[in-house]
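Visitor: In order, the protein sequence lines correspond to chains A and B.
In this text, residue positions in the first sequence follow the working numbering: the first is 109, and each later residue adds one.
In this text, residue positions in the second sequence follow the working numbering: the first is 811, and each later residue adds one.
C-beta atoms are modelled at their ideal positions from N, C-alpha and C, and glycine is treated no differently.
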Amino acid sequence: AQSVTQPDIHITVSEGASLELRCNYSYGATPYLFWYVQSPGQGLQLLLKYFSGDTLVQGIKGFEAEFKRSQSSFNLRKPSVHWSDAAEYFCAVRWTGNQFYFGTGTSLTVIP
Amino acid sequence: EPEVTQTPSHQVTQMGQEVILRCVPISNHLYFYWYRQILGQKVEFLVSFYNNEISEKSEIFDDQFSVERPDGSNFTLKIRSTKLEDSAMYFCASSDLAVGETQYFGPGTRLLVL
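#1: Going by Cα to Cα distance, which pick from B/Arg832, B/Leu849 and B/Ser868 is closest to aspartate 881 of chain B?
#2: Are any of the Cβ atoms in chain B nearer than 9 Å to that of tyrosine 133 of chain A?
#3: Quick one: is tryptophan 844 of chain B buried, meaning 16 or more other Cβ sit within 10 Å of its Cβ, or exposed?
#4: Drop a sphere of 10 angstroms on the beta-carbon of glycine 213 of chain A, count the other beta-carbons inside from all chains shown, and report buried for 16 or more, exposed for fewer.
#5: Determine contact between the stretch 818-830 of chain B and the stretch 131-140 of chain A, defined as no fewer than three beta-carbon pairs at a distance below 8 Å.
#6: Using a cut-off of 9 Å between C-beta atoms, extract the partners of serine 868 of chain B located in chain A.
#7: Whole angstroms is fine: what's the gap from phenylalanine 182 of chain A's alpha carbon to glutamate 828 of chain B's?
#8: Do valine 201 of chain A and valine 112 of chain A have their CB atoms nearer than 9 Å?
#9: Can you tell me the Cα-Cα spacing of valine 121 of chain A and tyrosine 900 of chain B, whole angstroms?
#10: To the nearest whole angstrom, what separates the beta carbons of glycine 151 of chain A and proline 812 of chain B, a pair I think is in contact under 8 Å?
#11: Considering Cα atoms alone, identify which of A/Phe208, A/Gln110, A/Lys186 and A/Glu172 is closest to valine 218 of chain A.
#12: Tell me the DSSP secondary structure of tryptophan 143 of chain A in three-state form.
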């Protein structure tokens, strides 16, 4: 069955430090991959997506993600975190059909 | 930039009452979706809608739920007789193509069933 795993429930980083949020997915076929961010009281904002081609994709707000087929992973990275990046981050995957499968989310805290 | 809007932002209702959650998708989009997020849990797919009919639905979307596009702009989710466990954040989303396309999400409606 399809599933999306975000192993880290909560991550704390210092402002200016680098960040990596992990996402793994099950199921054999190569899916469409997305990262969304949710700030408190806000909806889900798309950060970036991967459909095909270059496995390193760039998104908004300085984020990037790398698709690794061999590891069934799509990890989100940012070289230098800003205090405004504090939010909940969701990995989402779409295989066939219309529905997105979401991970449980990773809550990011940024300390000064 | 076009965005998905949802009303109301918060709704409190008594168990057994009917609620209608409203969404205005992005205007040139053709596919519409509802998701929910129970507090502390993952976002879960409810239903997708295209060409005035349901194209896909999850096990959560039982007979208590219905969706409708009553006019050219609104997309609604109705819960016929709310239960306590329906308390959640409900997100509407839309996309302009089906396969692999990005879904754009609204800010959500927080539903509390007492």
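Guide: With the structure as the only source:
#1: Indexing the second sequence from 1 puts residue 881 of chain B at position 71. The residue with the shortest Cα to Cα distance from aspartate 881 of chain B is B/Arg832.
#2: Reading the first sequence from its first residue, position 25 is the one you call residue 133 of chain A. Not closer than 9 Å to any Cβ of chain B, the Cβ of tyrosine 133 of chain A fails to qualify, so no.
#3: Within the second sequence, residue 844 of chain B is the residue found at index 34, counting from 1. By the 10 Å Cβ count, tryptophan 844 of chain B comes out buried.
#4: For the purposes of this step, residue 213 of chain A is taken as residue 105 along the first sequence, with counting starting at 1. Burial call: buried.
#5: no
#6: On the second sequence, position 58 is the one that residue 868 of chain B refers to. Per Cβ cutoff of 9 Å: Gln207.
#7: On the first sequence, position 74 is the one that residue 182 of chain A refers to. On the second sequence, position 18 is the one that residue 828 of chain B refers to. Going by the C-alpha atoms only, they are around 40 Å apart.
#8: Locating residue 201 of chain A in the first sequence gives position 93, where the first residue counts as 1. Locating residue 112 of chain A in the first sequence gives position 4, where the first residue counts as 1. The answer is yes: Cβ separation under 9 Å.
#9: As a first step, residue 121 of chain A must be located in the first sequence, where it is residue number 13. As a first step, residue 900 of chain B must be located in the second sequence, where it is residue number 90. Their backbone Cα atoms lie some 30 Å apart in a straight line.
#10: Your numbering for residue 151 of chain A matches position 43 in the first sequence. Your numbering for residue 812 of chain B matches position 2 in the second sequence. Not really, about 14 Å apart at Cβ, beyond 8 Å.
#11: Position 110 of the first sequence, counting from 1, holds the residue named residue 218 of chain A. Checking every option, the nearest Cα to that of valine 218 of chain A belongs to A/Lys186.
#12: As a working mapping, residue 143 of chain A is identified with position 35 in the first sequence. If DSSP states are grouped into helix, strand and coil, tryptophan 143 of chain A belongs with the strands.
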